[in-house]
Amino acid sequence: MLLQRWPGHSCSASCVTTVLALIAMSVVSGSIVAQESCDRIPPREAPPKELVEAMKRQYEQDSVGFQLPDKKMLKAVRNDRQQLRRAMVDRLEDRMFIHGTPINALLDSMMDVIVATDPSLTRPRVNLTWLTIPNAVSWGEGTITVFIGLLPHLRSKDELAFVLAHELAHHHQGHTDRDIRAKHERLASGELKEQVKEAMRQTYGRRARLEALLMDVVVDVRKHGRAYESESDSLGLIWLMRTRFDPLGAIGTMEVLDKTDKELDQRPIDLRAAFDHPGVDFSGLMARSQTPISSLAGVDAFDRSREEDLKTHPDCVHRAEDLRIWSGMEGMGEGGPTNEARAAYAGIARKAMRWLVESEFYYEDAGRAVFLALQRLRDEPEDPFWNAAVARGFAMLHKASKEHDLAFVLATPKKTLDPVYAAFLEVVHGLRMSEYAALSEHYLQRARSSGPACEATLFATFWQAHAKGVTNERGVAHDALFAAYPDTRYRELVEELVAPPAKPKR
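Numbering (the numbering used here), first residue to last: 413 to 918.
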């Protein structure tokens, strides 16, 4: 039991430093051992060189082999294809993907099973990205990308298998290439030119009409037309039915996708359990949060983009009906997985949720990370990772509040957000600076008393000391983290946080 205060006693700054020093000494002497049960998060790292080199070789071969009779059209389409390929390599080199984990191995093995059902199929790469949107895409250049934000929403390996089969169908049918060609054919058409002229002649609504025309000639690998989605559903189902996976997983996937614009856990945060702790004026907080900080009416471009991201799979109810007809499973009830299938997938979903929260931290959305971690604490109250995540999030909010930068790490409630999340944000915005610090301390104590010296707990300890601005505490926390985890995934972030500010140029 680490750093648990004696009931009824406080700990001064010097006391905290002393205790942190004892932790560092214990780590070095071996009495505190980094435990595998801490479930470490994989690092954000550069892709294997052989992967990037293999992709570039494939891209060169594809470019040479791609031909069109119209030379002007060929040049335009080739340019778009090259941009798509450069974008994928850039994302890899920006460390947006997860490599070499058991989940990667699972995705690869599942794709192997599906591809083996049809000798005409070419096997695409399957990448796992840190992006938090619940989605999966076929890039059209030989890569299928599964977003870490999707995995917690799924309920079984059968549903995951259908996601892969569906994206494989987009890859096999060349839907992205077909979209690119259709775009350039539309750009070259006299019809589009006349429509632009007509829009420009309008007195009102000119911009809206032009934007609508623009959307007709934009290629977005995240979105395909209804015909393409139906084609991919049917092909994916055919391949799935030839495997050991349950075809009901296809219908279950539609049920999942139909709800991805909502929070996965629809239970409201228990505000008293989350916030009624020493150092927090809970009654005052509740009173302050009764006055909304916004009208919930403001919607910006990012909100619209996220809303669209969450609805990249249209008409899921009708698609589920079609899947039932094609599979001969009409009238067989819901497509939800069995208890056994849920249990077999639960470990994957749990691991993915941890990685998802870590990704929210990477994108500096501390409020969202705290929200998700508090939801998990309802079912896992003694879990050190979730307690440490809440502590770290409140430490980030504490520091941002001190520096008047809260808007950079805490979203504003808007009508595009799920009401469960929006209500939580209203309360968090009502906290005072000292209350962010008090909550960080409370949850850090819980993390320490819940388990071994986990990497997440030690990093949260460092972050809290950093937020308080106490240099000696931060130094001791730094040493404790690196003594227990010399290869810590947080090395670059720690170095960035402790680096002295750059001197302004004269």
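Using N, Cα and C, we set each Cβ at its ideal position, and we do this for glycine too.
V538 is bridged by DSSP to I556. Look at S642 here: in three-state DSSP terms it is helix.
Rounded to whole angstroms, the separation of the alpha carbons of N799 and R858 is 6 Å.
For S813, the enclosing alpha helix (DSSP H) has its first and last residue at 796-814.
Here I760 carries a helix assignment [DSSP, helix/strand/coil]. The C-alpha of T824 is placed about 16 Å away from the C-alpha of R844. Here S521 is not near R493, since their CB atoms are 9 Å or more apart. With a cutoff of 9 Å on beta-carbon distance, G691 and E847 are scored as near each other. Around the beta carbon of S568, 16 or more other beta carbons sit within 10 angstroms, so the residue counts as buried. At the C-beta level, F836 and L786 come within 9 Å of one another. For S568, the secondary structure class from DSSP, reduced to helix, strand or coil, is coil. Contact between V821 and G779 is confirmed by a C-beta separation of about 7 Å, below the 8 Å threshold. Pairwise C-beta distances place the stretch 527-535 out of contact with the stretch 505-519, as fewer than three of them are shorter than 8 Å. In the displayed model, F874 falls within a helix according to three-state DSSP.
Rounded to whole angstroms, the gap between the alpha carbons of A807 and F773 is 12 Å. For R537, the closest of F574, L818, L580, P514 by C-alpha to C-alpha distance is L580. E553 sits close to T588, with the two beta carbons spaced by under 9 Å. Between V668 and P749, the alpha-carbon positions lie close to 11 Å from each other. Contact check for D670 against D830 fails: the beta carbons are separated by 9 Å or more. Residue environment for S813: buried (at least 16 other C-beta atoms within 10 angstroms of its C-beta). Here N491 is exposed. Its C-beta has fewer than 16 other C-beta atoms within 10 Å. Looking at D693, R736, L496, L893, the one whose alpha-carbon comes closest to that of D591 is L496.
Under the three-state reduction of DSSP, S532 is assigned to coil, being neither helix nor strand.
Remark: C-beta atoms of I681 and V802 do not approach each other more closely than 9 Å. Here the alpha carbon of R901 sits roughly 39 Å from the alpha carbon of L660. Apart from sequence neighbours up to five positions away, the residues of its chain that approach H878 with a beta-carbon distance below 6 Å are R886, L909, ordered along the chain. Contact fails between the stretch 762-772 and the stretch 693-704, because fewer than three Cβ pairs, one in each stretch, are under 8 Å apart. Assignment of alpha helix (DSSP H) within the stretch 470-550, counting only whole runs of 4 or more residues, yields 483-505, 514-527 in chain order. The three-state reading of DSSP puts M467 in helix, counting H, G and I together. Its chain contains F797, A800 as the residues whose beta carbon lies nearer than 6 Å to that of A868, once the 5 sequence neighbours on both sides are disregarded; these appear in chain order. If the five residues before and after H689 are omitted, its C-beta is found closer than 6 Å to the C-beta atoms of H854, all from its own chain and listed in chain order. 9 Å or more divides the Cβ of H583 from the Cβ of T665. Taking 8 Å as the upper bound for CB-CB distance, D734 and D645 are in contact here, some 7 Å apart. The DSSP-derived three-state label of I650 is helix.
Of C728, V558, A911, D899, the smallest CA-CA separation from I453 is found for D899.
Collapsing the DSSP output to three states places K595 in a helix.
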